[in-house]
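Protein chains in written order, with my numbering: chain A, 1 to 745; chain B, 1001 to 1078.
Glycine residues also receive a C-beta, built at the ideal position from the N, C-alpha and C atoms.
These notes concern the structure reproduced below.
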Amino acid sequence: MSKQINVALIGNPNTGKTSVFNALTGLNQKVGNYPGITVEKKEGVCKLPRGVKAHIIDLPGTYSLNASSLDENVVIELLLNKNDKDFPDIAVVVSDVENLKRNLLLFTQIKDLEIPTLLVINMADRMSYKGISLDIDYLEEHLQTKIALISTRKNQGIDNLKNLIANFKELSITPCLNASEIDQEYFDNLRKAFPNQLIYKLWLVITQDVNFGKTDRKEIDAVANFKTKSKGDLKRLQQKETIKRYQFINNVLKKGQTIDTSQAKDLRTKFDRILTHKVWGYVIFFFILLTIFQAIYDWSSVPMDFIDSIFASLSEWAKNMLPSGAFTNLLAEGIIPGLGGIVIFIPQIAFLFLFIAVLEESGYMSRVVFLMDRVMRRFGLSGKSVVPLISGTACAIPAIMATRNIESWKERLITILVTPFTTCSARLPVYLIIISLVIPEERFFGLSYQALTLMLLYLIGFGTAVVSAYILNKVLKIKSKTFFVVEMPNYKLPMFKNVALTVIEKTKSFVFGAGKIILAISIIIWVLGSIGINSNYNNAKVIVNQKISENGFNKIQSFSLQNKQERYKSSLIEDYNNITEAQISDSIVFKTPLFRKAVINDEIASLKLENSVLGYIGKAVEPAIKPLGYDWKIGIAIVSSFAAREVFISTLSTIYSVGSEIEDDGNKTIRAKMQSERHQLTNKAVFTFASGISLLLFYAFAMQCMSTLAIVKKETNSWKWPVLQLVIMTTFAYIVALIAFQFLK
Amino acid sequence: MQNTLAHLKRGEKGIITDVSSIHIPLKLLEMGCLPGNSVQLVQLAPFQDPMYLNINGTHLAIRKETASHILIEKIGHE
């Protein structure tokens, strides 16, 4: 028999509940989802004294047991269901020392459920600083609990907390107050009807069913029939309950807590004066955004180039060192470039999550919500939409989940619908590579054109989101109350451990999630490219050799040969300082047969690709995308991008690996491959300014992410919205890209 | 005419006397917005909306529209 106990961490948002969780579990934690819903489930393991092991769940933050969102409902569902395998042996209520009064509301509710409950008061290191002193003995006596004073920041009191958890059996399960006094008659009737049930549990089920519909709680299902009160009456009773609880808490704190305000130092006021200032507030916010973009574009380019070259040489190595055959080809041409296309993302995603985590942890994000609410409301959004729109620059999926705290359904729906327009990190690799191909490297007053283009693309994404929100606000006929309540937490220095764990966790889940799709698609693309659909595929070598021996090189082939010679020449000049003209031309003559062979091999490979299943698919979509300036190879990449945008680059690199043999100069990174790509018939470069801009715009607007569509379906509970999103966004993208290309070409 | 929270000026304090329950979300009450509690206007966002309040030690922001359903009695300035 294992001595594992279930511990549930419960508390208000912004109390440092997650810090307590991190302090208890360290790296022994995993993040998953509650079955069937997209609420994040964090659990971990902690070793307690005397060999006891604790299974710890970090429940979503909530102000009370009266749920108003899916996240909060998770807490109640767990606490009401004794048969759940995670049902807690002990509930640990985490509160912070400055907001004890408000935190105790939730505490008294949980006590009513007769679960052993421990009260943790976090941020105890701030007590003297805020002039707060507590009479712990008095509080323990009147709240009928044990109290652990801790500071996760200073790492104090954690051992004592572990001890108290291990001794959970000593905790009292007596409620703090008698909530049923709010309507004695009603509760007496309830007690008579269900003598075996806990009265407070019944009350919660009744009030929750009002908000959330019936859930599967067989034992007390009959309660649903016990609705002698109207919805309005129930709400009034809930209010009475809240007032009653506060009366009790105020009485306890009157003696148990003294606050000497003359001792309190107030940093909040000083910071707020600047950060929520009507001018400086916006200026600072703008500069923070600018820094984030600078980090994504500039600071992450070094590790990205490094990763890029590692995967290129890894692919070379596999080709040269492993015995040749189908498996080696799959590895070198399908899997390795495919994986490279996702790993290269890591620096940028890590940077984005880092900034978002720091902004959230420090308390600054709430100030942004406050500053932006009025502006956003004009577009039918809420100040709280700013958080999803900013997180959307990392990934639309967590962003759409972050809309849950928007109280008004209409504002929330609009936010969900427009968030995919913001430039998510999956678009970045596509943007970065195309920008580097078609936008000149020059600078304009010290700002690079390339960085400006990227900034512009972000602005276009954000602008489109806001404008479509405005239109949706006018078009959608939804009536809903617009409540808006946002807590303004104290400013805090973000804790390194919390930020680091968030960044690692989010990056990991993103890379593995997207990695699976990318790997699968890379393999499919490679396989499709290796299956011929007619005899031309198998006879490609004979056909090409025959044609060339009859007619010699055609214009394009000669040009490609010349190109190879030129490139070899410039690499010679670069590598050897004092090389003479004669030596150069000798080496070129010596190498020319090899170059000729490479040109012929290219020709064979491209004939093969054209006559493969993949080529067939590409050719089939070519008529539709030709007016946008793309060829059939880009067509394949776009088709596969509908699974996930980031597949674009890895698909192209897989296609080009399939389509061209190794060249002598060894320069095989994706960018070089794309640069040398030419239209088959006209021999014009594929990636020009016009086609590049057209591609950028297409990727800016098109809805190409199955995971986002899936999450929209889950969050809106209907197929209507994701389907509308897919059709409208993609049509819009096509039209804009078409206009751009026809205008610029 | 009775004062509501929406009438507070920056820095002004008041005591909540009544809340119009149909228009106020329960969550706001749970955060301490109850009759008898003190309230101070900390900051106004541009265009005077939303309002950044200190209710009984809890700092939160609500829209002016919601604030107009909370009755108060002004108790001066700090």
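Select from V511(A), P60(A), K201(A), F732(A) the residue whose C-alpha is nearest the C-alpha of G340(A). Counted from its first residue, the first sequence places residue 340(A) at position 340. Ranking V511(A), P60(A), K201(A), F732(A) by Cα distance to G340(A) puts V511(A) first.
Within chain A, partners of G1014(B) - CB distance below 7 Å: Residue 1014(B) sits at position 14 when you count from the first residue of the second sequence. Those do not exist, as G1014(B) stays about 18 Å from chain A at its closest Cβ, beyond 7 Å.
Residue-chain proximity (N66(A), chain B), Cβ-Cβ < 7 Å: Sequence index remark: in the first sequence, residue 66(A) carries index 66 (1-based). It does: the Cβ of N66(A) has a partner Cβ on chain B nearer than 7 Å.
Should H679(A) be labelled buried (16 or more other beta-carbon atoms within 10 Å of its own) or exposed? Indexing the first sequence from 1 puts residue 679(A) at position 679. When all chains shown are included, H679(A) counts as exposed.
Proximal residues of chain A, C-beta to C-beta of I1062(B) below 9 Å: Here residue 1062(B) corresponds to residue number 62 of the second sequence, with the count starting at 1. The answer, in chain order, is F483, F484, V485, V486.
Here's the rule I'm using: 16 or more other beta-carbon atoms within 10 Å means buried, otherwise exposed. How should K162(A) be labelled? On the first sequence, position 162 is the one that residue 162(A) refers to. Counting Cβ neighbours within 10 Å, K162(A) comes out buried, since at least 16 surround it.
Can you list, in chain order, the residues of its chain whose CB lies under 8 Å from that of I284(A), leaving out five sequence neighbours each side? By 1-based counting over the first sequence, the position of residue 284(A) is 284. So the qualifying residues of the chain are I274, L275.
By the 10 Å Cβ neighbour count, where 16 or more other Cβ atoms means buried, how is R443(A) classified, buried or exposed? For the purposes of this step, residue 443(A) is identified with residue 443 of the first sequence, where counting begins at 1. The residue in question, R443(A), is exposed, as its Cβ has fewer than 16 Cβ neighbours within 10 Å.
Just confirm the distance between the C-beta atoms of G1028(B) and V1039(B), as a whole number of angstroms; I'd bet it's less than 8 Å. Start at 1 with the first residue of the second sequence, and residue 1028(B) comes out as number 28. Start at 1 with the first residue of the second sequence, and residue 1039(B) comes out as number 39. This sequence places Leu at residue 1028(B); Gly is not what is there. Contact flag wrong, Cβ pair sits at about 12 Å.
Would you check if the distance between the CB atom of Q687(A) and the CB atom of L437(A) is smaller than 7 Å? Locating residue 687(A) in the first sequence gives position 687, counting from the first residue. Locating residue 437(A) in the first sequence gives position 437, counting from the first residue. The residue asked about is misnamed: residue 687(A) is Phe in this sequence, not Gln. Yes, the pair counts as a contact, with Cβ atoms nearer than the cut-off.
Going by CA-CA distance only, name the one from K278(A), Y246(A), A67(A), I115(A) that's closest to C1033(B). Residue mapping note: residue 1033(B) aligns to position 33 of the second sequence, counting from 1. Selected option, being the one with the closest Cα: Y246(A).
Where do the ends of the alpha helix (DSSP H) carrying D96(A) lie? Position 96 of the first sequence holds residue 96(A). Note, D96(A): premise wrong, no alpha helix (DSSP H); beta strand (DSSP E) at 90-96.
Report the neighbours of E746(A) on chain B: residues whose CB is nearer than 7 Å to its CB, in chain order. The requested residue 746(A) does not occur in the structure, where chain A is confined to residues 1 to 745.
Compute the distance between the beta-carbons of V7(A) and I110(A), then report whether it is under 7 Å. Numbered from its first residue, the first sequence carries residue 7(A) at position 7. Numbered from its first residue, the first sequence carries residue 110(A) at position 110. Cβ atoms of V7(A) and I110(A): not closer than 7 Å.
Burial state of Q742(A) (16 or more Cβ within 10 Å): Counting from one through the first sequence, the residue named residue 742(A) turns up at place 742. Exposed, because fewer than 16 other Cβ atoms sit within 10 Å of the Cβ of Q742(A).
Alpha carbon of S301(A) to alpha carbon of A1045(B), nearest angstrom: Counting from 1 along the first sequence, the entry for residue 301(A) is found at position 301. Counting from 1 along the second sequence, the entry for residue 1045(B) is found at position 45. Going from the Cα of S301(A) to the Cα of A1045(B) covers about 38 Å.
Please confirm if the segment 574-586 of chain A is in contact with the segment 602-621 of chain A, defined as three or more CB-CB distances below 8 Å between the two stretches. no
Three-state secondary structure assigned by DSSP to S133(A): Counting from one through the first sequence, the residue named residue 133(A) turns up at place 133. If DSSP states are grouped into helix, strand and coil, S133(A) belongs with the strands.
Provide the residue(s) that pair with R678(A) in DSSP beta bridges, ordered along the chain. Your numbering for residue 678(A) matches position 678 in the first sequence. In DSSP, R678(A) forms a bridge with A685(A).
Using a threshold of 6 Å, is the CB atom of V387(A) nearer than that to any non-hydrogen atom of the ligand MG? Although the ligand MG was asked about, the structure shown includes no ligands whatsoever.
Using a C-beta cutoff of 7 Å, does Y186(A) count as contacting chain B? Here residue 186(A) refers to the residue found at position 186 when the first sequence is read from its first residue. Output row for Y186(A): interface = no.
If you measure between the beta carbons of I531(A) and V613(A), is that distance less than 7 Å? Your numbering for residue 531(A) matches position 531 in the first sequence. Your numbering for residue 613(A) matches position 613 in the first sequence. Contact flag set, yes.
Which residues in the same chain as G1014(B) place their Cβ atom closer than 8 Å to its Cβ, once the five residues preceding and following it in sequence are excluded? The residue labelled residue 1014(B) in the question sits at position 14 within the second sequence. Within the same chain, G1014(B) has close Cβ partners N1003, L1005, L1008, S1038, V1039, Q1040, I1072, E1073, K1074, I1075.
Under 7 Å between C-beta atoms, does G1032(B) make it to chain A? On the second sequence, position 32 is the one that residue 1032(B) refers to. Chain A, which has a Cβ nearer than 7 Å to the Cβ of G1032(B), makes this yes.
State buried or exposed for I1022(B), treating a residue as buried only when at least 16 other CB atoms are found within 10 Å of its CB. Translated into the one-based positions of the second sequence, residue 1022(B) becomes position 22. With fewer than 16 Cβ atoms within 10 Å of its Cβ, I1022(B) is classed as exposed.
Just list the residues that DSSP pairs D1049(B) with in beta bridges. Here residue 1049(B) corresponds to residue number 49 of the second sequence, with the count starting at 1. According to DSSP, D1049(B) bridges with nothing at all.
Specify, as a first and last residue, the run of the alpha helix (DSSP H) that A637(A) falls within. On the first sequence, residue 637(A) is found 637 positions in, with the first residue counted as 1. Where A637(A) is concerned, the enclosing alpha helix (DSSP H) stretches over 632-641.
Positions along the segment 1038-1050 of chain B whose CB lies within less than 9 Å of some CB in chain A: V1042, Q1043, L1044, A1045, P1046, F1047, Q1048, D1049, P1050
Does any residue of chain A bring its CB to less than 7 Å from the CB of K1069(B)? Within the second sequence, residue 1069(B) is the residue found at index 69, counting from 1. The identity of residue 1069(B) in the sequence shown is His, whereas the question assumes Lys. For H1069(B), the answer is no, since every Cβ of chain A falls outside 7 Å of its Cβ.
Unbroken stretches of the alpha helix (DSSP H), 4 residues or longer, contained in the segment 279-356 of chain A: 280-294, 301-321, 326-329, 336-343
Chain-order list of residues whose beta-carbon lies under 7 Å from that of A469(A) (same chain, five-residue window excluded): Position 469 of the first sequence, counted from the start, is the residue given in the question as residue 469(A). Result list for A469(A): F379, G380, L381, I414, V418, in chain order.
Using 8 Å for Cβ pairs, my map puts A394(A) next to I349(A). What's the rounded Cβ distance? Sequence index remark: in the first sequence, residue 394(A) carries index 394 (1-based). Sequence index remark: in the first sequence, residue 349(A) carries index 349 (1-based). Contact flag correct, Cβ pair sits at about 6 Å.
I'd like to know whether the C-beta atoms of V712(A) and W721(A) end up nearer to each other than 7 Å. Position 712 of the first sequence, counted from the start, is the residue given in the question as residue 712(A). Position 721 of the first sequence, counted from the start, is the residue given in the question as residue 721(A). Contact: yes.
Just verifying my parser: in three-state terms, what is the DSSP assignment at V252(A)? Here residue 252(A) corresponds to residue number 252 of the first sequence, with the count starting at 1. In the structure shown, V252(A) sits in a helix (DSSP, three-state: H, G or I).
A402(A) versus S391(A) - alpha carbon distance: Indexing the first sequence from 1 puts residue 402(A) at position 402. Indexing the first sequence from 1 puts residue 391(A) at position 391. Between A402(A) and S391(A), the C-alpha separation is close to 8 Å.
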